[in-house]
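**Student:** Numbering (full-length UniProt numbering), first residue to last: 1 to 376.
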C-alpha cells in the first residue's frame, strides 16, 4: 500500500486509570530542550550521557511500540483514553491538536498527548518518520478511539518551530569553525592545519568538520573544499600515528529514497529567512537559470541542510566566515548575516564572530563584514 503505516505495534493499549478532569494540552518538547547530563563514571566504563524525559502519569504497566510512517502518511483524528507519549526517532513529521495549528516534529522531539485530546500525527510531506509510543496498558482492551480522516486540503502549512527568543551564547567550539572556514576559503593550508587542531581540541568532532567542508563547497567551490578535506584527512592520519583518538561524532541521518529535496529546500529557505513558503517558492533570478534555482534549493538548502550533524546556525557561521574571507561578495554576505541574526545571534554575539574573523583574515576583511552587518 502506497501510504501504509508500517508498525510493529500501531498503538499501545490504554485504559484502567483515573485521570484528573483538568484540561491538558498536547506538549512538544524539542530535542534541544532536553537537559543532557553526563553518566557517572562509577556506573559507566566510558563517556556516556542521558536526558530524562517528562514524566507520563501511570498506575501500572506501560507498553512501548515503534511506528514507521512512509512519506506523507498520517493517522486519522483520534484520542487516547489515558494519554500517550511519543519519541521521534527518525525523520520529520507533523502533529496537530484539534483547533490548533499543525506543528513540525523532528528526530529527538518528544510529544505528550494527554487523555482524550483529539489529535493526529504522521510523516511530513517530504520525509518518512518513525516514533516510539509509550502508553499505559489497558485492562478493557480499548487502545484508541479512532475518528474521522484529516482533511489536509483545509489545513495551513505546518508551523516551523520559531527561533528561540533568548540570547544564543556562541560556544568556543562554534567559534572554532570561523578560522577553519576562512583558511579553507583562501586556500591557506598552512594556517588551516593548526586551526583544525584547535577546533578538535575545542570539541569539534571529525564528522562535524567533514560536514563543514561538504557545506563549504557550495560557496568556496570544490577545489578549496576538497583541499581542506584532504588536509584534514592527512592531519587525522598523523594524529592517529601519535596515538591521539579524535572523537568521530554523529553521522547524519539518511532521508528515505524519494525525498523531495526541492520542496525541503523551499521550506528551509522560508524558515531561515522568516518568509512565507510562497515567497521562497519563487524561482531564483526570475527563473533566468532553472538549473541554478534547482541546485540552490534542492541540493544546498534541501540536501545539505538535511544533514543534521551540523546545525543551521553552525552552517551559517561557516558561510559568513567563507564569504568574508573571499571578499567582493557583499550581496551574499549580507543575506547570510541576516540569516545568522534570524537564528538568534544578537549584536554582542555577532561581534564575537567579527572579532574571531579579524584574528583569522585580518582587519580589512573583518571591517568589511562589520560594515555589511551595520547595513542590515
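From the three backbone atoms N, C-alpha and C, an ideal C-beta is built for every residue, glycine too.
If you're wondering where the values come from, they're calculated on a predicted model, not measured in any experiment.
Using the Cα positions of residue 108 and residue 90, report the straight-line distance between them to the nearest angstrom.
**Tutor:** 8 Å
**Student:** With hydrogens ignored, establish whether the beta-carbon of residue 370 is closer than 7 Å to any heavy atom of the ligand NAD.
**Tutor:** Absence of the ligand NAD is noted for the structure shown, with no ligands found whatsoever.
**Student:** Per the contact definition of three or more C-beta pairs closer than 8 Å, is the segment 230 to 250 in contact with the segment 194 to 206?
**Tutor:** Because the criterion of three Cβ pairs below 8 Å is met, the segment 194 to 206 and the segment 230 to 250 touch.
**Student:** Could you spell out where the alpha helix (DSSP H) holding residue 281 opens and where it closes?
**Tutor:** 277 to 281
**Student:** Short of 7 Å in beta carbon distance, which residues of its chain neighbour residue 173, apart from the five on each side in sequence? Order them along the chain.
**Tutor:** Here residue 173 has 202, 203 and 204 as same chain residues with Cβ atoms under 7 Å from its own Cβ, once five neighbours each way along the sequence are excluded.
**Student:** Contact between the segment 234 to 247 and the segment 277 to 297 is defined here as three or more beta-carbon pairs at a separation below 8 Å; is this criterion met?
**Tutor:** no
**Student:** Give me, in chain order, the residues of the same chain whose beta-carbon lies closer than 7 Å to that of residue 358; leave out the 5 immediate sequence neighbours on both sides.
**Tutor:** 366
**Student:** Would the beta-carbon of residue 111 fall within 8 Å of that of residue 26?
**Tutor:** yes
**Student:** At the level of alpha carbons, what is the spacing between residue 37 and residue 195?
**Tutor:** 29 Å
**Student:** Let me check understanding here. Comparing Cα to Cα, which of 184, 326, 223 and 306 lies closest to residue 364?
**Tutor:** Per the Cα distances, 326.
**Student:** Is residue 334 closer than 8 Å to residue 296 when the C-beta atoms are compared?
**Tutor:** No, Cβ-Cβ distance for residue 296 and residue 334 is not below 8 Å.
**Student:** Identify, in the order they occur along the chain, each residue of the same chain with its Cβ nearer than 8 Å to the Cβ of residue 372, setting aside the five sequence neighbours on each side.
**Tutor:** 330, 333, 334 and 337
**Student:** Pull up the DSSP beta-bridge partners for residue 94, would you.
**Tutor:** For residue 94, which the question treats as bridged, DSSP gives the partners 104 and 122.
**Student:** Spatial neighbours of residue 200 within its chain, please: CB distance less than 7 Å, with the 5 preceding and 5 following residues excluded, ordered by chain position.
**Tutor:** 246
**Student:** Spell out the partners DSSP gives residue 146 in its beta bridges.
**Tutor:** 78
**Student:** Which ranges does the alpha helix (DSSP H) cover as unbroken runs of at least 4 residues, wholly within the segment 325 to 349, from first to last along the chain?
**Tutor:** 330 to 342
**Student:** Leaving out the 5 sequence neighbours to the left and right, which residues in its chain are closer than 8 Å to residue 169 when beta-carbon positions are compared?
**Tutor:** 349
**Student:** Report the CB separation of residue 134 from residue 71 in whole angstroms; it is logged as a contact under 8 Å.
**Tutor:** No, residue 134 and residue 71 are not in contact; Cβ-Cβ is about 25 Å, not under 8 Å.
**Student:** Per DSSP, what kind of secondary structure is residue 1 in: helix, strand or coil?
**Tutor:** Since pLDDT at residue 1 reaches only 44, below the 50 mark, its modelled position is unreliable, and the value read off the structure follows with that caveat. Of the three classes helix, strand and coil, the one that applies to residue 1 here is coil, per DSSP.
**Student:** For residue 132 and residue 65, I'd like the C-alpha separation in whole angstroms.
**Tutor:** 5 Å
**Student:** Evaluate residue 283 with the Cβ neighbour count: other Cβ atoms within 10 Å of its Cβ, from every protein chain shown; 16 or more gives buried, anything less gives exposed.
**Tutor:** exposed
**Student:** Please state if the CB of residue 130 and the CB of residue 92 are separated by a distance shorter than 8 Å.
**Tutor:** No, the Cβ-Cβ distance between residue 92 and residue 130 is not below 8 Å.
**Student:** For a test of the three-state rule: what should DSSP assign to residue 268, helix, strand or coil?
**Tutor:** helix
**Student:** Between residue 209 and the rest of its own chain, which residues show a CB-CB distance below 8 Å, the 5 nearest in sequence each way excluded?
**Tutor:** For residue 209, where only same-chain residues beyond five positions count, the Cβ hits under 8 Å are 180, 196, 199, 200 and 232.
**Student:** For my contact list, residue 178 and residue 369 are in at a C-beta cut-off of 8 Å; report their separation, rounded to the angstrom.
**Tutor:** Not really, about 11 Å apart at Cβ, beyond 8 Å.
**Student:** If you draw a straight line from the C-alpha of residue 12 to the C-alpha of residue 69, how long is it?
**Tutor:** For residue 12, the pLDDT reaches just 38, beneath the cut-off of 50, and the residue's location in the model is therefore unreliable, although a value from the coordinates is still provided. Roughly 16 Å separates the two Cα atoms.
**Student:** Can you tell which of 95, 221 and 307 has its C-alpha closest to the C-alpha of residue 322?
**Tutor:** 221
**Student:** My output table needs one value for residue 21: the three-state DSSP class, helix, strand or coil.
**Tutor:** For residue 21, the predicted model reports a pLDDT of 42, less than 50, meaning its position is unreliable and no value from the coordinates is stated.
**Student:** For residue 85, list the residues DSSP reports as bridge partners.
**Tutor:** 112 and 134
**Student:** Classify residue 38 as helix, strand or coil using the three-state DSSP reduction.
**Tutor:** strand
**Student:** Under 8 Å by Cβ, that's how I've got residue 142 and residue 79 pegged, so tell me the actual separation to the nearest angstrom.
**Tutor:** Between residue 79 and residue 142 the Cβ distance is about 11 Å, and since that is not below 8 Å, they are no contact.
**Student:** Using DSSP's beta-bridge definition, name the partner residues of residue 29.
**Tutor:** 110
**Student:** Please work out which residues of its chain come closer than 6 Å, Cβ to Cβ, to residue 116, disregarding the five sequence neighbours upstream and downstream, and give them in chain order.
**Tutor:** 79
**Student:** Need the endpoints of the alpha helix (DSSP H) that residue 220 sits in, please.
**Tutor:** 206 to 220
**Student:** What do you reckon, are the CB atoms on residue 75 and residue 121 nearer than 8 Å?
**Tutor:** yes
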